[in-house]
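Participant: Numbering (numbering that gives the first Met the number 0), first residue to last: 0 to 735.
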Amino acid sequence: MSTISAAVIGLRLLACAITGSLAGYAWNRRTEPGALPFVGLMAMISLWTLNSAISAFVFDPELHILLHRIRWIPIVILPVFWIWFAVAYTGYDDYLSPPTVALVCVVPLLSIVLVLTNPMHRLFWEIAIGELHGLPILELTYGPWFWVFTLYDVTITLVGTGLLLRLVVRSDYLYLDQAILLCIGSLVPWIAAVVSISGVVFPPGIGITSVSFAATGPAFGYALFRRRLFDLAPATRRLSRDSAIATLQEGVLVFDDSLELIYLNHRAAEILERDVESTLGTPAEALIDIDTTDLELSDGLDDLDIDDRTYQARTSTITDRNDRTIGHTVVLADITVEKRRERLLQRQRNHLELLDRLNELVREITHEFVDATSRSEIEEVVRDRMRDSALYAEVRIVDTPPDIAPTERDTGHRELTGPSRARPLTDPPPTSLPEEPWHRPELEASEDGTWVFVSLGFGRTVYGGLAIRTTRTGAFTERELAVLEWFGETVSQAINAVENRRLLFSNAVTELRIDCPDTPLQTVAADASCRLTLEGFVPASEDRVLVYCDTPSAPAPHVAAVAETIDGISASRVVGDDPSNVVEFAVTEGSPLLTFVGGSANVCALHADEQTCTVVIEIASGSETRSTLERVRQQCPDASLAAKQDHDRSTPTETGRMPATVDSLESLTDSQLEVLEAAYRGGYFRWPRDATAEEVAESLGISSPTLHKHLRHGEERVFEALFDPDSGTEGSNERE
Numbered sequence: 000m001s002t003i004s005a006a007v008i009g010l011r012l013l014a015c016a017i018t019g020s021l022a023g024y025a026w027n028r029r030t031e032p033g034a035l036p037f038v039g040l041m042a043m044i045s046l047w048t049l050n051s052a053i054s055a056f057v058f059d060p061e062l063h064i065l066l067h068r069i070r071w072i073p074i075v076i077l078p079v080f081w082i083w084f085a086v087a088y089t090g091y092d093d094y095l096s097p098p099t100v101a102l103v104c105v106v107p108l109l110s111i112v113l114v115l116t117n118p119m120h121r122l123f124w125e126i127a128i129g130e131l132h133g134l135p136i137l138e139l140t141y142g143p144w145f146w147v148f149t150l151y152d153v154t155i156t157l158v159g160t161g162l163l164l165r166l167v168v169r170s171d172y173l174y175l176d177q178a179i180l181l182c183i184g185s186l187v188p189w190i191a192a193v194v195s196i197s198g199v200v201f202p203p204g205i206g207i208t209s210v211s212f213a214a215t216g217p218a219f220g221y222a223l224f225r226r227r228l229f230d231l232a233p234a235t236r237r238l239s240r241d242s243a244i245a246t247l248q249e250g251v252l253v254f255d256d257s258l259e260l261i262y263l264n265h266r267a268a269e270i271l272e273r274d275v276e277s278t279l280g281t282p283a284e285a286l287i288d289i290d291t292t293d294l295e296l297s298d299g300l301d302d303l304d305i306d307d308r309t310y311q312a313r314t315s316t317i318t319d320r321n322d323r324t325i326g327h328t329v330v331l332a333d334i335t336v337e338k339r340r341e342r343l344l345q346r347q348r349n350h351l352e353l354l355d356r357l358n359e360l361v362r363e364i365t366h367e368f369v370d371a372t373s374r375s376e377i378e379e380v381v382r383d384r385m386r387d388s389a390l391y392a393e394v395r396i397v398d399t400p401p402d403i404a405p406t407e408r409d410t411g412h413r414e415l416t417g418p419s420r421a422r423p424l425t426d427p428p429p430t431s432l433p434e435e436p437w438h439r440p441e442l443e444a445s446e447d448g449t450w451v452f453v454s455l456g457f458g459r460t461v462y463g464g465l466a467i468r469t470t471r472t473g474a475f476t477e478r479e480l481a482v483l484e485w486f487g488e489t490v491s492q493a494i495n496a497v498e499n500r501r502l503l504f505s506n507a508v509t510e511l512r513i514d515c516p517d518t519p520l521q522t523v524a525a526d527a528s529c530r531l532t533l534e535g536f537v538p539a540s541e542d543r544v545l546v547y548c549d550t551p552s553a554p555a556p557h558v559a560a561v562a563e564t565i566d567g568i569s570a571s572r573v574v575g576d577d578p579s580n581v582v583e584f585a586v587t588e589g590s591p592l593l594t595f596v597g598g599s600a601n602v603c604a605l606h607a608d609e610q611t612c613t614v615v616i617e618i619a620s621g622s623e624t625r626s627t628l629e630r631v632r633q634q635c636p637d638a639s640l641a642a643k644q645d646h647d648r649s650t651p652t653e654t655g656r657m658p659a660t661v662d663s664l665e666s667l668t669d670s671q672l673e674v675l676e677a678a679y680r681g682g683y684f685r686w687p688r689d690a691t692a693e694e695v696a697e698s699l700g701i702s703s704p705t706l707h708k709h710l711r712h713g714e715e716r717v718f719e720a721l722f723d724p725d726s727g728t729e730g731s732n733e734r735e
């Protein structure tokens with residue numbers, strides 16, 4: 000026997016001894032995941048190598064061939080134990096269902112049968128006996144089933160190896176060493192088998208595959224003893240725990256006792272926007288704010304702001320059996336939504352407190368200016384009380400400036416008429432207030448803060464507005480602006496009421512004669528070549544007024560027909576059929592009468608001819624002539640003051656009081672007064688009637704039942720004041 004033969008036999012016996020010992024050791028740990036198939040795997044290798052070693056001493060051809068067939072029994076069973084071990088060790092033993100096991104065992108079982116009966120069919124191989132270096136060798140000619148089994152063996156080997164490599168990746172390379180050793184131990188025999196079959200390096204029949212197990216045994220033994228193949232947590236439990244941590248919605252970071260990162264799950268990597276592998280070993284202070292988060296606490300809770308989100312950091316310490324601290328864990332839970340909800344609730348509470356304070360301030364101011372007798376008193380109360388409150392730093396009364404271009408003035412007036420509006424002036428605030436139509440250019444902010452403008456106006460009368468500044472953060476929300484708008488309407492109504500009261504009850508008045516060229520009525524007079532004289536006017540709606548004019552110098556039907564073609568007049572009709580016909584004009588724009596719909600002035604006369612339209616009004620003595628003229632210019636941009644005269648009103652009658660019909664006006668509502676005047680001017684009370692109730696109601700834009708209700712109540716109050724002045728009007732008020 001040559002030296003080579005001795006070496007081959009020695010390596011086979013060495014591989015048999017090592018794998019047999021590993022099988023015995025693993026049998027004692029057979030309850031561990033993967034241990035039982037590992038026993039079978041090592042046992043099959045041990046039987047294979049033992050058979051190969053014994054065959055080297057058998058020169059009898061028949062006996063040698065018999066040993067060869069027996070050797071193939073562990074060879075064909077070996078792939079089954081390999082795939083079983085790989086699946087169990089990596090934690091995929093749930094896939095070992097009966098159908099799967101049966102499918103895996105089909106080829107080995109058929110191979111065993113075909114090996115034992117090979118002389119009958121020779122599907123596996125054809126055998127001849129030879130000799131090399133004093134060793135008996137087999138000269139094989141492989142049959143078709145041999146290649147089927149070889150393909151099966153290669154497939155099973157690669158699948159098992161792939162599962163081990165997958166374990167390496169899924170466990171963040173925790174089992175890298177064990178997996179590499181197991182892959183080496185499985186791939187070396189497979190490579191040796193390929194070399195042996197090809198006969199490129201070694202002569203065919205020498206059987207180097209069994210010799211290669213001399214490398215498989217040490218590789219598996221090193222993995223078993225030095226890398227604690229079964230001492231480490233079983234694969235199934237370890238992967239289950241890792242999978243649970245990896246799929247948590249919370250980020251998990253683990254630091255060692257020197258505060259260097261040794262583990263983080265994928266959620267933590269997403270939160271920190273870092274790569275898992277490259278982040279390992281990073282100091283804690285480079286990842287989280289350790290000044291905010293105390294890692295030494297065993298059960299600490301802190302809030303961390305990372306980017307634009309808030310996380311609750313729950314810290315705990317890791318101790319060994321001797322209660323020594325060996326590491327720290329930090330669990331990051333995203334509480335951004337909860338924190339935003341808390342901040343929102345706090346802002347809502349603060350906002351409600353602010354609105355309560357603002358409503359209380361508004362009520363107090365309203366109570367104080369109820370007894371005011373002039374507009375200046377109201378403005379002074381509003382300005383002083385709002386300044387004294389802690390809500391606003393500065394409050395200014397802003398009048399409409401007179402030096403604005405007509406187009407700007409029209410736009411500004413349209414935006415300011417009607418209900419009060421509150422709007423922020425700057426965001427962020429500039430050094431001065433914008434030069435809008437209703438702002439004085441010289442109004443500048445004395446300090447940082449936010450300005451808001453609250454318009455003041457009643458009907459078509461504009462009183463300017465309130466410029467309010469505050470230094471509060473987040474001031475002038477939608478609800479606060481709504482309260483300020485309501486307050487602006489209250490102030491506007493109070494100013495209007497005061498001015499109307501002064502106009503009604505003051506004996507001293509100022510008479511203004513204002514020329515208004517290019518108005519709709521002046522255009523009618525020019526086109527019809529006539530003179531129009533005002534008989535009365537009634538507000539039909541917020542943007543429409545019914546004007547009743549006498550036409551002494553032209554037929555009323557002709558004037559009404561001409562008015563139908565004039566801009567600013569939506570309708571016209573003749574009232575009555577006698578020579579003193581009156582024409583009713585529905586004026587929608589361009590008339591000075593629209594300025595005084597809400598009161599604040601008494602319209603005494605209006606005359607329109609081919610050259611101009613002149614309106615004569617009375618305002619309370621002491622009222623600003625300029626502001627009145629500016630309000631007229633909102634409708635008639637070219638209006639100019641023709642004359643101004645102060646005088647006393649007519650004194651009461653000899654009975655010591657005003658006529659009963661005038662006295663009764665105090666008890667009439669605005670709606671009743673408008674309906675009575677519209678019916679009177681429209682000829683409803685004449686006989687025969689010049690207009691029916693339905694026609695009067697249509698001109699006012701109301702229903703017929705509403706018209707009759709106001710007519711009846713208005714007539715009752717007028718007759719009551721005329722015939723029974725001492726009875727009062729309480730009953731009528733209650734019915735209204």
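All C-beta atoms in this analysis are idealised placements derived from N, C-alpha and C, irrespective of residue type, glycine included.
From a predicted model like this one, the values you see are computed outputs, not experimental measurements.
Give me the Cβ distance between C15 and S45, rounded to the nearest whole Å; I'm assuming they're in contact under 8 Å.
Facilitator: As a working note, residue 15 is residue 16 in the sequence shown. As a working note, residue 45 is residue 46 in the sequence shown. About 5 Å; that satisfies the 8 Å criterion.
Participant: In the DSSP assignment, what residue or residues form a beta bridge with I616?
Facilitator: By one-based count along the sequence shown, residue 616 stands at place 617. Partner(s): L511 and V602.
Participant: In terms of residue numbering, what span does the alpha helix (DSSP H) encompassing C104 cover?
Facilitator: Taking the first residue of the sequence shown as position 1, residue 104 is located at position 105. Segment P97 to L115, the alpha helix (DSSP H) holding C104.
Participant: Tell me, which residues are paired with V717 by DSSP?
Facilitator: What you label residue 717 is simply residue 718 of the sequence shown in a count that begins at 1. None; V717 has no bridge partner.
Participant: Pairs of beta-carbons, one from the segment 108-125 and one from the segment 61-78, closer than 8 Å: are there three or more?
Facilitator: Touching, yes, given that three or more Cβ pairs across the two stretches are closer than 8 Å.
Participant: Taking Cβ positions, are A52 and M41 nearer each other than 8 Å?
Facilitator: Indexing the sequence shown from 1 puts residue 52 at position 53. Indexing the sequence shown from 1 puts residue 41 at position 42. No.
Participant: Kindly provide the ranges of any beta strand (DSSP E) runs that are 3 or more residues long and lie completely inside the segment 457-488, ordered along the chain.
Facilitator: If we require 3 residues or more, the beta strand (DSSP E) runs fully inside the segment 457-488 come out as 460-469.
Participant: Can you list, in chain order, the residues of its chain with a C-beta nearer than 8 Å to that of D230? Leave out the 5 residues immediately preceding and following it.
Facilitator: Counted from its first residue, the sequence shown places residue 230 at position 231. Here D230 scores only 49 on pLDDT, less than 50, and its place in the model is too uncertain to base an answer on.
Participant: Quick one: Cα of V336 to Cα of L343, how far?
Facilitator: Locating residue 336 in the sequence shown gives position 337, counting from the first residue. Locating residue 343 in the sequence shown gives position 344, counting from the first residue. One C-alpha to the other measures close to 10 Å.
Participant: Residues in its own chain within less than 6 Å of A268 by CB, not counting five upstream and five downstream?
Facilitator: Taking the first residue of the sequence shown as position 1, residue 268 is located at position 269. The residues are V275.
Participant: From L139 to I8, what distance separates their C-alpha atoms?
Facilitator: Position 140 of the sequence shown, counted from the first residue, corresponds to residue 139. Position 9 of the sequence shown, counted from the first residue, corresponds to residue 8. Their Cα atoms are separated by approximately 20 Å.
Participant: Just to confirm the assignment, what range does the alpha helix (DSSP H) spanning A42 have?
Facilitator: Numbered from 1 along the sequence shown, position 43 holds the residue referred to as residue 42. Unbroken alpha helix (DSSP H) run through A42: A34 to S54.
Participant: Candidates L12, R348, K643 and F37: which alpha carbon is nearest G23's?
Facilitator: Indexing the sequence shown from 1 puts residue 23 at position 24. Residue F37 is the option with its Cα nearest to G23.
Participant: Does the Cβ-Cβ distance between V537 and A638 come in under 8 Å?
Facilitator: Reading the sequence shown from its first residue, position 538 is the one you call residue 537. Reading the sequence shown from its first residue, position 639 is the one you call residue 638. No, the pair does not count as a contact, with Cβ atoms beyond the cut-off.
Participant: Is the CB-CB distance between A553 and S571 below 8 Å?
Facilitator: Counting from 1 along the sequence shown, the entry for residue 553 is found at position 554. Counting from 1 along the sequence shown, the entry for residue 571 is found at position 572. For A553 and S571, no; Cβs fall outside 8 Å.
Participant: From this set, L531, A642 and K643, which residue's C-alpha is nearest A607's C-alpha?
Facilitator: Taking the first residue of the sequence shown as position 1, residue 607 is located at position 608. Out of L531, A642 and K643, L531 has the C-alpha closest to the C-alpha of A607.
Participant: How about H712 and Q671: are their beta carbons less than 8 Å apart?
Facilitator: Taking the sequence shown and counting its residues from 1, the one referred to as residue 712 is at position 713. Taking the sequence shown and counting its residues from 1, the one referred to as residue 671 is at position 672. Going by C-beta atoms, H712 is nearer than 8 Å to Q671.
Participant: Rounded to whole angstroms, what's the CA-CA distance from F145 to T156? Just pull it up for me.
Facilitator: The count along the sequence shown starts at 1 and reaches residue 145 at position 146. The count along the sequence shown starts at 1 and reaches residue 156 at position 157. Taking the straight line joining both Cα atoms gives about 16 Å.
Participant: When you compare the CB of N27 with every CB in chain D, is at least one pair closer than 8 Å?
Facilitator: Protein chain content of the structure displayed is limited to a single chain, and chain D is not contained in it.
Participant: Nearest-angstrom Cα distance between R512 and A555?
Facilitator: Taking the sequence shown and counting its residues from 1, the one referred to as residue 512 is at position 513. Taking the sequence shown and counting its residues from 1, the one referred to as residue 555 is at position 556. Going by the C-alpha atoms only, they are around 27 Å apart.
Participant: Along the chain, where does the alpha helix (DSSP H) that runs through E378 open and close?
Facilitator: Counting from one through the sequence shown, the residue named residue 378 turns up at place 379. Start and end: R374 to D387.
Participant: What are the start and end residues of the alpha helix (DSSP H) that includes L66?
Facilitator: Residue 66 sits at position 67 when you count from the first residue of the sequence shown. That run of the alpha helix (DSSP H) goes P60 to T89.
Participant: Just mark P188 as buried or exposed, buried being the case when its beta carbon has 16 or more other beta carbons within 10 Å.
Facilitator: Along the sequence shown, read from residue 1 onward, the residue named residue 188 stands at position 189. Counting Cβ neighbours within 10 Å, P188 comes out buried, since at least 16 surround it.
Participant: Name the residue from A562, V79 and Y462 whose alpha carbon lies nearest to the alpha carbon of C104.
Facilitator: For the purposes of this step, residue 104 is identified with residue 105 of the sequence shown, where counting begins at 1. Checking every option, the nearest Cα to that of C104 belongs to V79.
Participant: Using the beta-carbon count (16 or more within 10 Å), is V561 buried or exposed?
Facilitator: What you label residue 561 is simply residue 562 of the sequence shown in a count that begins at 1. With 16 or more other Cβ atoms within 10 Å, it is buried.
Participant: According to DSSP, simplified to helix, strand and coil, what is S569?
Facilitator: In the sequence shown, counting from the first residue as 1, residue 569 sits at position 570. Of the three classes helix, strand and coil, the one that applies to S569 here is strand, per DSSP.
Participant: Going by beta-carbon coordinates alone, are L95 and M43 separated by less than 8 Å?
Facilitator: Reading the sequence shown from its first residue, position 96 is the one you call residue 95. Reading the sequence shown from its first residue, position 44 is the one you call residue 43. Against a cut-off of 8 Å, the Cβ pair of M43 and L95 comes out as no contact.
Participant: Does the Cβ-Cβ distance between C603 and P516 come in under 8 Å?
Facilitator: Position 604 of the sequence shown, counted from the start, is the residue given in the question as residue 603. Position 517 of the sequence shown, counted from the start, is the residue given in the question as residue 516. Taking 8 Å as the Cβ cut-off, C603 and P516 do not qualify as a contacting pair.
Participant: Considering only residues of the segment 322-370, which uninterrupted alpha helix (DSSP H) runs meet the minimum length of 4 residues and lie entirely inside it, listed in chain order?
Facilitator: Complete alpha helix (DSSP H) runs here, min 4: 335-368.
Participant: For H646, list the residues DSSP reports as bridge partners.
Facilitator: For the purposes of this step, residue 646 is taken as the residue at position 647 of the sequence shown. In the DSSP output, where bridge partners are listed per residue, H646 has V508.
Participant: At what residues does the beta strand (DSSP E) containing R543 begin and finish?
Facilitator: By one-based count along the sequence shown, residue 543 stands at place 544. Segment R543 to D549, the beta strand (DSSP E) holding R543.
Participant: Measuring alpha carbon to alpha carbon, tell me which of S540, W83 and E488 ends up nearest A101.
Facilitator: Here residue 101 refers to the residue found at position 102 of the sequence shown. Out of S540, W83 and E488, W83 has the C-alpha closest to the C-alpha of A101.
Participant: Which two residues bound the contiguous beta strand (DSSP E) that contains I317?
Facilitator: Numbered from 1 along the sequence shown, position 318 holds the residue referred to as residue 317. First-last of the beta strand (DSSP E) with I317: R308 to T318.
Participant: Could you tell me how far apart the beta carbons of E563 and G681 are, in whole angstroms, since I believe they sit closer than 8 Å?
Facilitator: Against the sequence shown, residue 563 aligns to sequence position 564. Against the sequence shown, residue 681 aligns to sequence position 682. The pair is not a contact, with the Cβ atoms about 18 Å apart (cut-off 8 Å).
Participant: To the nearest angstrom, report how far apart D647 and P636 are at their CA atoms.
Facilitator: Here residue 647 refers to the residue found at position 648 when the sequence shown is read from its first residue. Here residue 636 refers to the residue found at position 637 when the sequence shown is read from its first residue. Whole-angstrom Cα-Cα distance: 30 Å.
Participant: Here's a check: name, in chain order, each residue in its chain whose Cβ is nearer than 6 Å to the Cβ of A642, leaving out the five neighbours to either side.
Facilitator: Within the sequence shown, residue 642 is the residue found at index 643, counting from 1. R512, listed in sequence order.
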